[in-house]
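Numbering (the numbering used here), first residue to last: 21 to 86.
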């Protein structure tokens, strides 16, 4: 679980870096600080279960295996 949380955090930091370099158009909604929520929920799901999220869905997607 911890490794998946770290993977999500690294992804979020990379997104922020790209945004700071003006390489991401528009705005971003980071999931940093919420990693345990996505990993905890997705750990309880079965492989074929679905999950939906909001505009901060990166964590759930990564935790589910994207």
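Note that CB positions come from ideal geometry on N, CA and C, so glycine has one too.
Between the alpha carbons of residue 69 and residue 83 lies a gap of roughly 13 angstroms. Take the alpha-carbon of residue 85 and the one of residue 36: they are about 21 angstroms apart.
In this structure, DSSP gives residue 44 a state outside helix and strand, which the three-state scheme calls coil. Nearest to residue 73 by alpha-carbon distance, out of 66, 62, 67, is 62.
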